[in-house]
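Participant: This is the structure, below, for whatever I ask next.
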Amino acid sequence: MDFASKRRKLSYNVIANRSLKYVDYSFFFAVAMLLALGLVSMYSASAIYAANKGLGSLFYVKKQALYIVLGFVLMGGAAKADLEKIRKYIKPAVIGTVVLLGVTLLMPPVAHVRRWIPLGFMKLQMSEFAKPVLMLYLADFFDRSASRVHAEWRELLKPCGVALLIFALIAAEPDLGTPALLFGVTMTVFFAAGVKLRYILAPIALMVPVLIEELLRKPYRIARIKNFLSPEQDASGTGYQLMQALLAVGSGGWLGKGLGASNLRLYLPEPHTDFIFPIVAEELGLVGGLAIVGLFTALLVKGSRIARNAPSLYTSLAAFGLTLVIVLQAYFNLSMAIGLIPTKGIPLPFFSYGGSSIWSSMLMVGIILNVSAHRGGR
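In the numbering used here, each residue carries its 1-based index in the sequence shown increased by 390.
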């Protein structure tokens, strides 16, 4: 999918070129459906867990609802923003992101990892906001430098360096799942921007030994791979979470046990976070699980179409990259929950508990809707 073909450089964000009637409301409707399902699922997954901690059964649901409301505010702001005018703030945003990722590494560890900056009312997970920042940076870079990139491969060193720095800071938390996701999306954006295939395969080849070294350096990562391959061998230890998740998914049958009827939520540790999908699958069954997969797939199709119809390379790559981040993250989480890939700390967009994840996702949705509202690409 090559978005690097010549596009008109119109002042596409002038009011005359934008209208609410051009917004892709089907994309927004799919997001709204996922948010509604996510909030209902949050109650099912968290009510007993919260009550057992003495917080009240609605504690996590209320906070998630507040995050969603604020997320809609962010989405609305992003949907109305002049995407051309914000380009001058992209590089400062990259610098701020790198600084805050560095600050994250100085924070007190939580469960042996440093992924959050405590703010009192919530914990800021800066790696979530690195996702839209990196995608906007790449879109801006290729729009400004497409001709130079095609003529001289060394021009790629700059975006590769920026991306590598962000990946390294997130991996140091430690977190390999998010860098792996962003690396895959980054290489796909490179391809969509028209970068020659050999220049894409080179970074992939270089990342293989880095990945092997990271796996060997941390014994628990090897244990996760063994657990992924044979979770039943240590079903009460390292394979416990995956085994419980598989039991939850399998026990749902075709139509599920009904909302609030999950039994295995009592045994999954922190079921309202990264492993919320098994609870959903147990209560809604295979049909409900496939419906969720279908909604995320609809986002992929609609987002790609918005990118193809965008009036400039900048907006096209931005919409495409942001769509991939949301959808591939969802696919990664769903695959992890049913044992198709090793378990990683990757939240399910619009479902998993957390303000940073919700706000980052809604910010990306707002930018995608913004791109869809421009007449120039039609």
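Where is the CB? At the ideal position from N, CA and C, for every residue including glycine.
Values in this document were obtained by computation on a predicted structure and should not be read as measured data.
1. Give the straight-line distance between the Cα atoms of residue 738 and residue 664, rounded to the nearest whole angstrom.
2. Along the chain, where does the alpha helix (DSSP H) that runs through residue 540 open and close?
3. Taking 7 Å as the cut-off, is the beta-carbon of residue 617 closer than that to any non-hydrogen atom of the ligand GTP?
4. Starting from residue 673 and walking both ways along the alpha helix (DSSP H), at which residues does that stretch end?
5. With C-beta atoms as the reference, is residue 619 less than 8 Å away from residue 612?
6. Using only CA atoms, which one of 425, 646 and 411 lies nearest to residue 747?
7. How is residue 737 classed by DSSP in three states: helix, strand or coil?
8. Just list the beta strand (DSSP E) runs in the region 576-650, keeping only unbroken ones of 3 residues or longer that don't cross its boundaries, in chain order.
9. What do you get for residue 553, buried or exposed, if any count of 16 or more other CB atoms within 10 angstroms of its CB means buried?
10. Would DSSP call residue 463 helix, strand or coil?
11. Residue 462 to residue 623, Cα distance in whole Å?
12. Is residue 772 near residue 668, with beta carbons less than 8 Å apart?
13. Can we say the region 489-498 touches the region 521-532, given the rule of at least three CB pairs closer than 8 Å?
14. With DSSP as the reference, label residue 549 as helix, strand or coil.
15. To which residues of the same chain is residue 758 closer than 7 Å at the C-beta, ignoring the five residues directly before and after it?
16. So what's residue 659 in DSSP terms, helix, strand or just coil?
17. Classify residue 413 as helix, strand or coil using the three-state DSSP reduction.
18. Considering just the uninterrupted stretch of the alpha helix (DSSP H) at residue 757, what are its terminal residues?
Facilitator: Working from what's here:
1. As a position in the sequence shown, residue 738 is number 348, starting the count at 1. As a position in the sequence shown, residue 664 is number 274, starting the count at 1. Going from the Cα of residue 738 to the Cα of residue 664 covers about 6 Å.
2. Within the sequence shown, numbered from 1, the residue matching residue 540 stands at position 150. Segment 516-541, the alpha helix (DSSP H) holding residue 540.
3. What this structure holds is no ligand at all, so the ligand GTP is not there to describe.
4. Translated into the one-based positions of the sequence shown, residue 673 becomes position 283. Per DSSP, residue 673 belongs to the alpha helix (DSSP H) from 666-698.
5. Against the sequence shown, residue 619 aligns to sequence position 229. Against the sequence shown, residue 612 aligns to sequence position 222. No. Outside cutoff.
6. Sequence index remark: in the sequence shown, residue 747 carries index 357 (1-based). Nearest to residue 747 by alpha-carbon distance, out of 425, 646 and 411, is 425.
7. For the purposes of this step, residue 737 is identified with residue 347 of the sequence shown, where counting begins at 1. Secondary structure at residue 737: coil, using DSSP grouped into helix, strand and coil.
8. List check, beta strand (DSSP E) in window: nothing returned.
9. Stepping through the sequence shown from its first residue, residue 553 is reached at position 163. Counting the other CB atoms within 10 Å of its CB gives residue 553 a total of 16 or more, which places it among the buried residues.
10. Translated into the one-based positions of the sequence shown, residue 463 becomes position 73. Assignment of residue 463 by DSSP, reduced to helix, strand and coil, places it in the helix class.
11. Position 72 of the sequence shown, counting from 1, holds the residue named residue 462. Position 233 of the sequence shown, counting from 1, holds the residue named residue 623. Each residue's Cα considered, the two are about 45 Å apart.
12. Residue 772 lies beyond the residue range present for the chain, which begins at 391 and ends at 768; the question has no answer from this structure.
13. At 8 Å Cβ cutoff, the stretches do not touch.
14. The sequence position of residue 549 within the sequence shown is 159, counting from 1. Residue 549 sits in a helix when the DSSP states are folded into three classes.
15. Residue numbering aside, residue 758 sits at position 368 when the sequence shown is read from its first letter. So the list reads 417, 693, 696, 709, 712 and 713, once near-sequence residues are dropped.
16. Here residue 659 refers to the residue found at position 269 when the sequence shown is read from its first residue. In the structure shown, residue 659 adopts coil according to DSSP, grouped into three states.
17. Position 23 of the sequence shown, counted from the start, is the residue given in the question as residue 413. Here residue 413 sits in coil by DSSP.
18. Looking up residue 757 in the sequence shown gives position 367. Here the alpha helix (DSSP H) through residue 757 covers 745-762.
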